[in-house]
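Novice: If you scroll down you'll find the structure; I have some questions about it.
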Amino acid sequence: MKNIIKTSLTALLLIFFSACTNDDYDMGEITTPSNLNVITEVVGQSDEMPNGDGSGTVNFSVSADNAISYKFIYGDGFEEVSASGETTHSFNENGVNEYTVTVVASGTGGASSNMTTTVTVFSNFNDPETKELLTGGSSKTWYVAASQPGHLGVGPSSGEGFTSPIYYAAAPYEKAGAPVSSCFYTDELTFSLNDSDNIIYNYNNNGQTFINVAYTSDFGGSGAEDQCLEYDGTGDFNVSLSPSTSGLPEDATTGTVINIANGGTMSYYVGSSSYEVLDITPTTMHVRVIPGTDPALAWYLKFTTSQEEEGEEEQAELETQFETLIWSDEFDQGDIPSDENWNFEIGNGENGWGNQEAQYYTDENAVIEEGILNINLIAEETSGYDYSSSRITTMDKFEFQYGRVEVRAKLTEGGGTWPAIWMLGSNFEDVGWPETGEIDIMEYKGNEPNVVHSTLHYPGNAGGNAVTESTIVENAATEFHNYTVEWTEEQIIFAVDNQIYHVFDNSENTPFHKPFFLILNVAMGGTFGGEIDPDFQQTAMEIDYVRVYQD
């Protein structure tokens, strides 16, 4: 447990206090903040470690009469504005270092009061892996991953769904073609190591930066929408790495934050310079940033080391090695799924099946009509829940190891809907999740039409840190398409209509080397489905057949 000792700056530190007023009376009544008080919490401070536990983290709590906002100038090249006066900052220069911090309390009419102080903090944070991946050991240039769904997104910074962009996720190339937003895809972000092995960040926006609506008026914009605007915060910036304080679960983040000095930004300007690295590989990076004026939100950005033009990606055709049909359900007999093949799972599970889902599963929402299985999601009160649906599995009835699964399906319509075709390890009840492994052949959200996802969850890569890819499927909710996984000892390949879009190297360390069973369901809301359309009534995932092939 962290040992936090509160220290009043007024008791321990040299304080300079001043007040100033603005002579421009057109700004309204002038009210100067008074009784400015600052309290710090040095994380891990103790008799044995008087300058903290090595994280370099200091919590600030500021109050003043008649203040409407507080600006923190930390003395290490970083600044921050807080409406509440509550904030946390990590000082990242290794060793014991002294920083002069200035706090400016702003009142109405441009009046302000300020206080300066000196803090001494110990930092020993080091993440050589992220440093190497970010810079390539020398220099590496990153671009917005325009072809990826969710390359820009937003969600809550805390509470339900705070690990993902459940409010909004951009579709591939969504910002292309319109002058108001197309500059987003032309940025070049280069991270390099200098002779002292410190990280230097160069931001080249090629003239304009994509600015969040809350800040466009600061750069000459209309204040009505996100805009590409002239922005001179380019060039070289010092960068430091610090430990995360977001509270994200370990499987959803690397635990490292990129801090860009002097207000530097990574492509989408939200008034903040600290980006938590959720995931990073030699060619991809996923980050999360809290905007400067709205700490209730978290913005998400995806980057890649290759700059792609819209439409340039070509998908290879799947050449299967599995041709022998060993199991299938054509849904051409009876009016409900065969109990020889399928089990119904009933209820809402624990915490909405672990995802805060809003539906209650019954054994009445999966019906067969004219050779098609319909899993119906209905807005109706059911056992205390507002939505009913069905979830069926082949657990203990059909399980297999390696092969090709092909499901022909038409997906759902409506905000919040979340149809899925997936598999779990047959030892699920013994070892739990994610140890058992999960293969998501197809997931879809009604809030993101025509974007289909395939994902693998396993220890170290589960939840928000799972291995996932997506592709565009035109008319996914109005036409049938074939969703396929080709599962071998060496690879797991995902395809739609026989076109490959996701290849996973199935190393010996993954849990994908044992029998798995099949699952079909339609969920509502939750961490993936997102915001539910208040006018939603009913939809269905329609399935023509499920077929499994082996050698």
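Numbering (our numbering), first residue to last: 1037 to 1587.
Note that beta-carbon positions come from the ideal geometry of N, C-alpha and C, so glycine has one too.
Tell me whether residue 1332 is buried or exposed, calling it buried when 16 or more other Cβ atoms sit within 10 Å of its Cβ.
Specialist: Counted from its first residue, the sequence shown places residue 1332 at position 296. Exposed: under 16 other Cβ atoms inside 10 Å.
Novice: So for residue 1354, helix, strand or coil by DSSP?
Specialist: One-based indexing of the sequence shown puts residue 1354 at position 318. Coil.
Novice: Use the C-beta contact count for residue 1550: other C-beta atoms within 10 angstroms, 16 or more gives buried, fewer gives exposed.
Specialist: As a first step, residue 1550 must be located in the sequence shown, where it is residue number 514. So residue 1550 ends up on the exposed side.
Novice: Would you list the residues sitting across from residue 1453 in a DSSP beta bridge?
Specialist: In the sequence shown, the residue the question calls residue 1453 occupies position 417. DSSP, once it has assigned bridges, lists 1560 as partnering residue 1453.
Novice: Applying the 10 Å Cβ sphere with the 16-neighbour rule, what's the burial state of residue 1191?
Specialist: For the purposes of this step, residue 1191 is taken as the residue at position 155 of the sequence shown. Counting Cβ neighbours within 10 Å, residue 1191 comes out buried, since at least 16 surround it.
Novice: Of the choices 1427, 1373, 1448 and 1364, whose alpha-carbon is the least far from that of residue 1435?
Specialist: Against the sequence shown, residue 1435 aligns to sequence position 399. Measuring from the Cα of residue 1435, the nearest candidate turns out to be 1364.
Novice: Within 10 Å of its beta-carbon, does residue 1318 have 16 or more other beta-carbons around it, so buried, or fewer, so exposed?
Specialist: As a working note, residue 1318 is residue 282 in the sequence shown. Per the 10 Å Cβ criterion, exposed.
Novice: Going by beta carbon distance, what residues of the same chain come within less than 7 Å of residue 1422, once the five residues before and after it are set aside?
Specialist: As a position in the sequence shown, residue 1422 is number 386, starting the count at 1. Correct list, in chain order: 1394 and 1415.
Novice: Cβ of residue 1180 within 8 Å of Cβ of residue 1223?
Specialist: Here residue 1180 corresponds to residue number 144 of the sequence shown, with the count starting at 1. Here residue 1223 corresponds to residue number 187 of the sequence shown, with the count starting at 1. Yes; because the gap between Cβ atoms is below 8 Å, this pair is in contact.
Novice: In the structure shown, what three-state DSSP assignment does residue 1221 receive?
Specialist: Walking along the sequence shown from the start, residue 1221 turns up at place 185. If DSSP states are grouped into helix, strand and coil, residue 1221 belongs with the helices.
Novice: Evaluate the contact criterion for the region 1568-1576 versus the region 1459-1477: three or more CB pairs, one atom per stretch, below 8 Å.
Specialist: At 8 Å Cβ cutoff, the stretches do not touch.
Novice: Could you give the first and the last residue of the continuous beta strand (DSSP E) run that contains residue 1261?
Specialist: Within the sequence shown, the letter at position 225 stands for residue 1261. Segment: none, residue 1261 is in no beta strand (DSSP E) and carries neither H nor E.
Novice: Roughly how many angstroms separate the alpha carbons of residue 1400 and residue 1340, rounded to a whole number?
Specialist: Looking up residue 1400 in the sequence shown gives position 364. Looking up residue 1340 in the sequence shown gives position 304. So the alpha carbons of these two residues sit roughly 45 Å apart.
Novice: Less than 8 Å separating the beta-carbons of residue 1193 and residue 1288?
Specialist: The residue given as residue 1193 occupies position 157 in the sequence shown. The residue given as residue 1288 occupies position 252 in the sequence shown. Taking 8 Å as the Cβ cut-off, residue 1193 and residue 1288 do not qualify as a contacting pair.
Novice: Could you check the C-alpha separation between residue 1103 and residue 1122 for me, to the nearest Å?
Specialist: The count along the sequence shown starts at 1 and reaches residue 1103 at position 67. The count along the sequence shown starts at 1 and reaches residue 1122 at position 86. Distance between the alpha carbons of residue 1103 and residue 1122: 13 Å.
Novice: Can you check which of these residues, 1095, 1112, 1116 and 1111, is closest to residue 1105 by C-alpha distance?
Specialist: The residue you call residue 1105 lines up with position 69 of the sequence shown. Checked all of 1095, 1112, 1116 and 1111; the closest Cα to residue 1105 is 1116.
Novice: Going by other Cβ atoms of all chains shown within 10 Å of its Cβ, with 16 needed for buried, is residue 1263 buried or exposed?
Specialist: One-based indexing of the sequence shown puts residue 1263 at position 227. When all chains shown are included, residue 1263 counts as buried.
Novice: Could you check what DSSP says for residue 1466 in three-state terms: helix, strand or coil?
Specialist: In the sequence shown, counting from the first residue as 1, residue 1466 sits at position 430. In this structure, residue 1466 counts as helix in the three-state DSSP scheme.
Novice: Strictly by DSSP, which residues pair up with residue 1279?
Specialist: Numbered from 1 along the sequence shown, position 243 holds the residue referred to as residue 1279. For residue 1279, which the question treats as bridged, DSSP gives the partners 1292.
Novice: Excluding sequence positions up to five away, which residues of its chain have a Cβ less than 7 Å from the Cβ of residue 1308?
Specialist: Here residue 1308 refers to the residue found at position 272 when the sequence shown is read from its first residue. The answer, listed in chain order, is 1325, 1326, 1327 and 1328.
Novice: Ignore the nearest five residues each way along the sequence and tell me which others in residue 1370's own chain have a CB closer than 7 Å to its CB.
Specialist: Position 334 of the sequence shown, counted from the start, is the residue given in the question as residue 1370. Hits under 7 Å: 1404.
Novice: So for residue 1527, helix, strand or coil by DSSP?
Specialist: Looking up residue 1527 in the sequence shown gives position 491. It is a strand residue.
Novice: For residue 1095, name the three-state secondary structure that DSSP assigns.
Specialist: Numbered from its first residue, the sequence shown carries residue 1095 at position 59. Strand at residue 1095.
Novice: Where do the N-terminal and C-terminal ends of the beta strand (DSSP E) with residue 1192 fall, by residue?
Specialist: Within the sequence shown, residue 1192 is the residue found at index 156, counting from 1. Residues 1188-1192.
Novice: Just to confirm, are residue 1281 and residue 1313 a CB contact at a threshold of 8 Å?
Specialist: Taking the sequence shown and counting its residues from 1, the one referred to as residue 1281 is at position 245. Taking the sequence shown and counting its residues from 1, the one referred to as residue 1313 is at position 277. Against a cut-off of 8 Å, the Cβ pair of residue 1313 and residue 1281 comes out as no contact.
Novice: So, helix, strand or coil for residue 1252, using DSSP?
Specialist: Numbered from 1 along the sequence shown, position 216 holds the residue referred to as residue 1252. Looking at residue 1252 - three-state DSSP - the assignment turns out to be helix.
Novice: Let me know if residue 1037 comes out buried or exposed under the rule of 16 or more other beta-carbons within 10 Å of its beta-carbon.
Specialist: Working through the sequence shown from its first residue, we reach residue 1037 at position 1. With a pLDDT of only 29 at residue 1037, under the threshold of 50, the placement of this residue in the model should not be trusted; the figure read from the coordinates follows. Counting Cβ neighbours within 10 Å, residue 1037 comes out exposed, since fewer than 16 surround it.
Novice: Residue 1178 bridges to which residues according to DSSP?
Specialist: Indexing the sequence shown from 1 puts residue 1178 at position 142. Paired residue(s): 1225.
Novice: Within 10 angstroms of the Cβ of residue 1141, are there 16 or more other Cβ atoms? Answer buried if so, exposed if not.
Specialist: To locate residue 1141, count along the sequence shown from 1; it is residue 105. The residue is buried, with at least 16 neighbouring Cβ atoms inside 10 Å.
Novice: Does the distance from the CB of residue 1530 to the CB of residue 1477 come in under 8 Å?
Specialist: One-based indexing of the sequence shown puts residue 1530 at position 494. One-based indexing of the sequence shown puts residue 1477 at position 441. Yes, they are a contact pair.
Novice: Beta carbon of residue 1411, beta carbon of residue 1513: below 8 Å?
Specialist: If you number the sequence shown from 1, residue 1411 lands on position 375. If you number the sequence shown from 1, residue 1513 lands on position 477. Their beta carbons are not under 8 Å apart, which means residue 1411 does not touch residue 1513 by this criterion.
Novice: Counting only runs that start and end within the region 1098-1141, where is the beta strand (DSSP E) found for 3 or more residues in a row?
Specialist: Whole beta strand (DSSP E) segments, 3+ residues: 1105-1109, 1115-1118 and 1122-1126.
Novice: Can you check whether the CB of residue 1443 is closer than 8 Å to the CB of residue 1528?
Specialist: Counting from 1 along the sequence shown, the entry for residue 1528 is found at position 492. Counting from 1 along the sequence shown, the entry for residue 1443 is found at position 407. It is not a contact, given that the beta carbons lie outside the stated cut-off.
Novice: In the structure shown, what three-state DSSP assignment does residue 1167 receive?
Specialist: Counting from one through the sequence shown, the residue named residue 1167 turns up at place 131. Three-state DSSP puts residue 1167 in a helix.
Novice: To which residues does DSSP link residue 1580 through a beta bridge?
Specialist: Against the sequence shown, residue 1580 aligns to sequence position 544. Paired residue(s): none; residue 1580 is not in a bridge.
Novice: Going by the beta-carbon positions, is the gap between residue 1159 and residue 1129 smaller than 8 Å?
Specialist: What you label residue 1159 is simply residue 123 of the sequence shown in a count that begins at 1. What you label residue 1129 is simply residue 93 of the sequence shown in a count that begins at 1. The answer is yes: Cβ separation under 8 Å.
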